[in-house]
Structures are given as C-alpha cells and as structure tokens.
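Residue numbers (the working numbering), protein chains in the order written: chain W, 1145 to 1552; chain P, 1145 to 1552.
The C-beta atom is built at its ideal place from N, Cα and C for all residues, glycine as well.
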C-alpha cells in the first residue's frame, strides 16, 4: 500500500463530498468523532436562525410557529430512519442515561414476573449504573447482574427480565450480533434494550427487523449533534401503550396544555417524553441527523470497515510495541479501533500535540474513531505515520506527556 | 397617573439600563418572559464562540480546556446566589421534571418511615405527575395526595413524608410563604421540596435561611436561558451524602472516568448529576444567569411589585369586564398578573396581533408576566391602553381570534 494507493482510495470514495459538509480545523486529523462528532458547516446558520429569529424575534410563539413542540417527534423519526425504525417509535429527548431509566423501568414493568436485569461487565457503565439505581428504588424486586460478555447467552435463564447491551463496545469496538442475541433473549422470555451510542450513524442498524424491544443512544457522537446533544429512545410500537411511564412529566401527558391534576399517558411515543425539551440542543442535533438522510448506511459501513482495516494494517507494518485491542475481523468491529500500549497515555498526548486527536482509556488503550463522513484514507495514513514517527523518535518519552489531565 | 408620571418612573428606574442587555423585537411589548425569557444580547456571541471555537476547533479537548465538565457545578453555583444557596448545593442539569424526580426520590428515602407525597391541586402539574410516577414504581409505599391549597398546612400530619409546592403559582402568581410553610412542615416531620420555576429571578429566595431541604426550577423563564434551557436542583448540604441517587448516571459517579462496573455516588452535589450535560443549552443558560450576578434582587422585587400594581390599577381604571385572578396585595403576588374574562382566548389573540404578547390559560385567564430587567412602566401603560382599545372597539369579537391553536 503506497501513498498513491491511498490517494486513489480517497478519489474513488463515494462519500468524499460529505467531508465538505463539516468544519474540520486546519492541521488536525480528528479521530475522536466517536466521542464528540465534528461540527457540521450548516449548524452555525441554523443556530443563528434559532437564536435570533426563533427565540429573539418570535419568542414564545415559536412553540407553534416554528414547531418547537414537535421537535422531539420530528427528530426522533429522522433518527429512526438511521436505525431501522419506522415512524412513531423514536423520540429525541433527555440524556442517554435518563432514557436508559425510561427503558429499564418500562421493560421491567412489561416482564414483571421476572427479576434480573442482565448486562455485561466492562461495558460503558452508565448502563449498569442506571440498572442499579432502578433496582434500589423499584417496587418489584429487581436484581442487577453483570456477567462476562462470553457468558451472556448462557445466562439467558427464565429469571432474566431484561437484557441490556451496548451494541458496540465503547473501548474495543466489538459488535454484538443484534439479530441473534435479540432472538435468543426472546426465546428465553427476556426483553432486550440496546444502547446504540456507538452504533447509530456508524453501522446499519435494523431495530424493527431484529424485533428489538427498546433502544437508546446519544446524539453527540456519530450523529454530530454537538456536545451533550439530546439523546433518543426507541420503543417498539407493540409495547408503547402497555407502559405506564415512571418519568411521567408534563410533556408526556395526553394533553399537556389541559394542565390536569392527574397524569394520563400520551399516545404512542409521546408518553416517553418527560420535561420541556432543550430546543437549542435539538436544533443542532437535527442538523447533524439531517446529513444522514441522504447517506446509504451500507456505503458508509463499507468505508468504515476499510478505514479500520487500513489503520490496523498500517500500525502492524509501521509501528512496534502495540497490541490490537479490537477485533481484527471488520464484520464484528464498529467504526473504531483500540490499540494497547503500557505508555498509552503519554503516546496519545504526543499524538494530540501533533494534531492527531484520538483518546485514551485507562489503563493502556489508545482509541481511534473513524467517522466515514469526514475521515479520509489519507487521514489514516498520516495518523499512523505520525504515530510511527513518535515511536521511532522516542519523543513520547518526554516528561510533559505523562502529566495526566483530570478528565477527558 | 398620567403618561408623564409613567415616563418619570422609567427615568428613575435603577434597573433601566438592564433592558439594553436584551434583544426585544421592534413593536413588541413582551409580557411573557414568565414563560420564555427574552434573548440576552450577549447570548449570540457566546453561542458563536461555543459553536465555532469550542466545539468546531477545540473539539473533544473542550471538556478540559473550556471547562465543559464543570458547567453544571459552575452555573449551579451562580444560580445558587439568586436563590440564597451557598456554594456546592445547586447543579444545573436535565429538565425540571427530571430534577423533581431526583428530589422526590431522595426526600422519600430520607423520610422513609412515612408514605404521603403531598402537594396542592391546581398547581403546574408536572409536580404531581412526577409524584405519581415515582409512587407507581417505588419500593417503599408512596401515596401521592393533592389537597386544596387552603388545606395544605392542616394536612401536615405524621404520615406526610414530603411536601412539594411551587412557590409562585403558575396561573395566579400567588406566593407561598416559604419560611413559614417550611417551618411548619419541619415541625410536622415532613421534608420540603420547592419548585422555583416562577420564583428564581423574579423575587428574592432564601433557601438556606429558610432551611429548605430540596428545590428545583427551570432556566428558561426569568433566568433567560433560552427555550428548554437546562433546569437546576438544590439539595441542602446536610442531606447530600445521605442520598443514594435513583437516577444514578455516569456523570454522578465519584470517578466517572474510571468506568467502574459499580456505581459509587459522587461527592456532594455531584451525585445529583446523571447523564452528559447539554453543553449548548448550558452556554445560553450561563449568559442569562450572569446578568443577574450584578442585580440586587430587592431592587428587582420592588420594581416587580410596582409593575404589577400599575397593571392592576390601569386595568381597573380603563377596562371593564375583567376579574382579577391574582392577589391584589403585592406582598403575596409574584412577578405576573392574571385577569379573567369569559372570552379571554380571543382577547389575548387580538392583543398578540397588536404586539402585546401575554398568554392564555384555559378556561378564561389572560396572563401577563412582568420581568423587571426588561419590562418598562411604559410597556405596562401601552399594554393596558391596547387592551382598552380592543375592548372598547369590540375588535376582539372578530371570528379570526377565536380559532384555537393547538398548543401554548
């Protein structure tokens, strides 16, 4: 593989024009869109209109005239198209964690004869944390249980009420087989919640086809909705009317503007709304989601696999001392690759200083996200070249790179 | 009272220069800041910086370099200064409804020998709706009970676990005596949650001094934080470490970036965070809250009372057919006035068409908010003159005004 080959891949890329829709800083190779998606160029104008005209000029009337009131449903349906959900099954609202609580409390209601909330160890932990929180408070006895991912299917016994899994692992990028796991959970009488935070906008997802019960996900990674963008929740149409929401806020009421003293759940997905939606965040999220409305997810997935394969091939060829911490096989790898090195933190800091932005996950993972809408093959090439330079020159051993920041 | 007197009041208004901090549309008299606050002029620049530099350029690094990670605590402390809360007792996060759930679940944990969640009938109903939701799901038996406001203090019997009240009524503007009610609730062994949605930024609030247990409120009314701005929650320092959060999301963990499988609640107010904060909404909220940092709430309250009194006086003098639906006495009236008319809907539509924006609440209330930072005495004068013109000319009887919109 030569630089010429790489350039040819970019020239032939059917998604190459999508990069122009994003604002990528000069001199930066951004491989962290799996943590915070890049800024779409259309977002600033949309936000200006939102702020100056819709908020500043139209003021309170915008709930009607600019259709703020339907933003959660409208954007939810658009997200639905990316994840294989027909209309009326997704709303954009709240955070992923809050939506996990809605899904967990709903699923445990629907499967009330059973008590175990099952998930895997080592996953992104807001999933098990919300299981714990619900279990401490719940009227019916609920037992959160985490098992090693290799034991999940064996553990699908008749006591499992709900299986909650993140489809793509936040560290390794390993992909669960949604169709197969959902089928096996259903055979065992469990309901399934999929956390799509690392899937939506990264790989094709077919919620309806897989007969998934619930799903949640965030808007700020591959969907490019901005920092802390509103999240979303999917509830299969067959379940919606059977759920009595625990987070029963006024926006989920059948007639919010009747201001009744008693709660009557809204129709369909409406009842999975809670408080007043954050309209500024919704505006940016909608721009990010709109970009996907013309993207064929199979084409995107093909590029995602190739970018990941290229990265792994080049690291193996050009760099020593790393161990692959993601699946080698693209079929079961999401749109990210993690490599392991005992001095991963310092190496990542050295990379970032040179404009290659990935992230570090303790204790030893360097994580790189490949967002096919704006990551080019040449970016992967240059990122690995930079990594090779850092390793060959031992630059990463400079003390300044080993001072740990508080957070990321 | 003549027009000259009105102009003299505006000229002598110590807050008159604050109006210049807001963008008010030409030809509009905006008396709905109690529903959606006006746009601060500083907000667009702050949002541009947030979007172009912090998100677009600095990308994921902004969680550290632009201190996104501390936004909920930083803005929470600033809100705390407006509501009499010393540092470390308020975080900005989620919606008011979600924060109500946090407060209700925490308070009922702390007072676990008791079962009744008490509130008043006819209040803004997301308060009782969240009580209902928690009660349906709760492990301990919880009974939501609504009584007429006149019966609240009598009902403070030994079975009351939690008293939840909105300090200022969303329709009438009537103000509960926070100090007295909190004292009586505590005497009866109940914990108290105050919903400050119509109080913060409208009247002085002294949470610490009144020994309040919990409080919540929204950011999009008097705080001018933008449509659906993040809300906030106050938990008295003495309670914080005793609460095991039910909405135990990763941002409330003691060490979120350790990604432990098990939830360990964060220190102090940290545990009342849940998911990733909506940073775009936080940015606009902070601008709105910052404006108050140099405002003496007693001065603001004095003007608020005078604006309300002036409105009531003028309506009584110039308009017939209305009944006052707010307290006549300014001491127990918030920063809003409601008047009643059987054809209130059509009259409000006629007002709005003439640029006087209040809102209508079924079945017969015209509601007007007086936001002392940007409402002038002349605005009140002109609003009532317009109302008088509409009533005298019978213009409001035009059929076009009686077609009801779907919402607001």
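Identity of the residues DSSP links to residue i by a beta bridge
i, result
"residue 1359(P)", "1338(P), 1378(P)"
"residue 1307(P)", "1262(P), 1336(P)"
"residue 1174(P)", "1501(P)"
"residue 1282(P)", "1282(W)"
"residue 1167(P)", "1183(P)"
"residue 1468(W)", "1483(W)"
"residue 1409(P)", "1397(P)"
"residue 1319(W)", "1312(W)"
"residue 1477(W)", "1318(W)"
Where residue i falls, given that 16 or more other Cβ within 10 Å makes a residue buried
i, result
"residue 1145(W)", "exposed"
"residue 1552(P)", "Unreliable placement is indicated for residue 1552(P), whose pLDDT of 47 sits below 50; the coordinate value is still reported in the next sentence. Per the 10 Å Cβ criterion, buried."
"residue 1374(P)", "buried"
"residue 1359(P)", "buried"
"residue 1246(P)", "buried"
"residue 1538(P)", "exposed"
"residue 1544(P)", "exposed"
"residue 1438(W)", "exposed"
"residue 1250(W)", "buried"
"residue 1372(P)", "buried"
"residue 1216(P)", "buried"
"residue 1302(P)", "exposed"
"residue 1158(P)", "exposed"
"residue 1400(P)", "buried"
"residue 1516(P)", "buried"
Cβ distance (whole Å) where residue i is taken to contact residue j below 8 Å
i, j, result
"residue 1318(W)", "residue 1476(W)", "6 Å"
"residue 1519(P)", "residue 1451(P)", "6 Å"
"residue 1425(P)", "residue 1200(W)", "Contact flag wrong, Cβ pair sits at about 16 Å."
"residue 1405(P)", "residue 1266(W)", "7 Å"
"residue 1260(P)", "residue 1296(P)", "Not a contact, Cβ separation roughly 12 Å."
"residue 1349(P)", "residue 1343(P)", "5 Å"
"residue 1368(W)", "residue 1182(W)", "6 Å"
"residue 1355(P)", "residue 1326(P)", "6 Å"
"residue 1456(W)", "residue 1351(W)", "Going by Cβ atoms, the distance from residue 1456(W) to residue 1351(W) rounds to 29 Å, so no, they are not a contact pair."
"residue 1174(W)", "residue 1431(W)", "Actually they do not touch by this definition, with Cβ atoms about 18 Å apart."
"residue 1485(P)", "residue 1466(P)", "5 Å"
"residue 1494(P)", "residue 1540(P)", "4 Å"
"residue 1274(W)", "residue 1239(W)", "Residue 1274(W) to residue 1239(W), Cβ: 10 Å. No contact."
Opening and closing residue of the beta strand (DSSP E) in which residue i lies
i, result
"residue 1289(W)", "1287-1291"
"residue 1513(W)", "1509-1513"
"residue 1483(W)", "1480-1484"
"residue 1236(W)", "1234-1236"
Interface residues of chain W facing residue i [CB-CB closer than 7 Å]
i, result
"residue 1276(P)", "1392, 1407"
"residue 1512(P)", "Those do not exist, as residue 1512(P) stays about 12 Å from chain W at its closest Cβ, beyond 7 Å."
"residue 1425(P)", "1422, 1424, 1425"
"residue 1245(P)", "1391"
"residue 1428(P)", "1424"
Proximity test, residue i beta-carbon vs the ligand GTP heavy atom, cut-off 7 Å
i, result
"residue 1251(W)", "As for the ligand GTP, it is missing from this structure, which has no ligand bound."
Residue span of the alpha helix (DSSP H) that contains residue i, given as start and end
i, result
"residue 1455(P)", "1441-1462"
"residue 1430(W)", "1423-1436"
"residue 1187(W)", "1187-1192"
"residue 1397(W)", "Careful: residue 1397(W) lies outside any alpha helix (DSSP H) and carries neither H nor E."
"residue 1348(W)", "Element bounds for residue 1348(W): n/a, residue is neither H nor E."
"residue 1253(P)", "1240-1254"
Beta-carbon neighbours of residue i, restricted to chain P and to distances below 7 Å
i, result
"residue 1388(W)", "1280"
"residue 1191(W)", "1191, 1195"
"residue 1265(W)", "1405"
"residue 1372(W)", "1420, 1421, 1422, 1423"
Proximal chain P residues relative to residue i, where beta-carbon distance stays under 8 Å
i, result
"residue 1272(W)", "1405, 1406, 1407"
"residue 1187(W)", "1195"
Closer than 8 Å at the beta carbon, the chain W residues around residue i
i, result
"residue 1397(P)", "1269, 1273"
"residue 1283(P)", "1280, 1281, 1282, 1283"
"residue 1204(P)", "1176, 1179, 1180, 1501, 1503, 1552"
"residue 1290(P)", "1405"
Minimum Cβ-Cβ distance from residue i to chain A less than 8 Å
i, result
"residue 1478(P)", "The chain inventory of the structure shown lacks chain A, comprising the protein chains W and P."
Partners in chain P for residue i, counting only beta-carbon separations shorter than 9 Å
i, result
"residue 1169(W)", "1200, 1201, 1202, 1203"
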